[in-house]
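Peer 1: Just dropping this structure here.
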């Protein structure tokens, strides 16, 4: 019995060393071999306007992009529709703030016996128009929207085959044939439109809440 115990101890030691050999070999493996097996995690692309957030991938390459979409309202499908809406709101705001400045300066159409444009209050002037004048305004708006509606709803699905966002077919002949120069002009329109949206919103708030916009000369 004692002889059997002596013989079993070397056998167990050999089996234990054999079982632990992969661990010992892994410890002796070169550090480069171990590190090469690890895959580096992709780094987050920071937003230009909000560095604490990730830059939306579907905004990359767009004119005027500053990676600003904190609420995640845009998507790869509807981003063309969003650009169309931004351009339209910007253009209307540019017309609106220009109208406020012109109307407040006392520059207006001569009018006639039925219609007077003498009211310099930009907020109350529309209420002085008769129903016939409002009918003409609404008819013109409907005509313009109808003429430029081709391919509009396709933009919601990201399809730009029928039209590019904001392209109404007016003034495109003034754009440069060079893409870089043309994009520069598109960027100017976007920036002016964004500024006009802030301006008309500030003037409107100042009218409803006097003094809301300190230094504003349009009430």
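In my numbering, the protein residues as written are 23 to 241. Cβ atoms here follow ideal geometry from the backbone N, Cα and C, with glycine treated the same way.
#1: If we ignore side chains and look at the alpha-carbon of each, how far apart do residue 83 and residue 132 end up?
#2: In this structure, does DSSP put residue 76 in helix, strand or coil?
#3: So residue 118 is in the alpha helix (DSSP H); what residue range does that whole segment cover?
#4: Compare the C-alpha of residue 188 against each of 145, 143, 114 and name the closest.
#5: Report the rounded CA-to-CA distance for residue 169 versus residue 66, giving the unit in angstroms.
#6: My output table needs one value for residue 195: the three-state DSSP class, helix, strand or coil.
#7: Taking the Cβ atom as the reference point for each residue, do residue 116 and residue 233 lie within a distance shorter than 9 Å?
#8: Do you know offhand how far residue 181's Cα is from residue 129's?
#9: Is it true that the stretch 171-181 meets the stretch 98-113, where meeting means three or more beta-carbon pairs spaced less than 8 Å apart?
#10: Hey, residue 225 and residue 85: beta-carbon distance below 9 Å or not?
#11: Straight-line CA distance for residue 57 to residue 210?
#12: Residue 41 by DSSP, collapsed to three states: which one?
#13: Would you check if the distance between the CB atom of residue 177 and the CB atom of residue 106 is smaller than 9 Å?
#14: How is residue 58 classed by DSSP in three states: helix, strand or coil?
#15: Can you name, in chain order, every residue of its own chain whose Cβ lies under 6 Å from the Cβ of residue 88, other than the five neighbours on each side?
#16: Kindly indicate the opening and closing residues of the alpha helix (DSSP H) around residue 209.
Peer 2: Checking against the coordinates, here is how it stands:
#1: Cα to Cα, residue 83 sits roughly 48 Å from residue 132.
#2: DSSP places residue 76 in strand when its eight states are reduced to three.
#3: Residue range 101-126 is occupied by the alpha helix (DSSP H) that includes residue 118.
#4: Among 145, 143, 114, the Cα nearest to that of residue 188 is on 114.
#5: Cα-Cα distance, rounded: 44 Å.
#6: In the three-state reduction of the DSSP assignment, residue 195 falls in the helix class.
#7: Result no, Cβ atoms of residue 116 and residue 233 do not sit closer than 9 Å.
#8: For residue 181 and residue 129, the distance between alpha carbons rounds to 43 Å.
#9: Segments in contact, yes.
#10: No, the pair does not count as a contact, with Cβ atoms beyond the cut-off.
#11: The predicted model places residue 57 with a pLDDT of 49, which falls under 50 and marks its position as unreliable, so this point remains unresolved.
#12: Because the pLDDT at residue 41 is just 49, under 50, the model does not fix this residue reliably, and the point stays unresolved.
#13: The answer is yes: Cβ separation under 9 Å.
#14: Bear in mind that the predicted position of residue 58 carries a pLDDT of just 49, short of 50, making it unreliable; the figure below should be weighed with that in mind. Helix.
#15: In the same chain as residue 88, and ignoring 5 residues on each side of it, the C-beta atoms closer than 6 Å to its own belong to 70, 71, in chain order.
#16: Where residue 209 is concerned, the enclosing alpha helix (DSSP H) starts and stops at 201-230.
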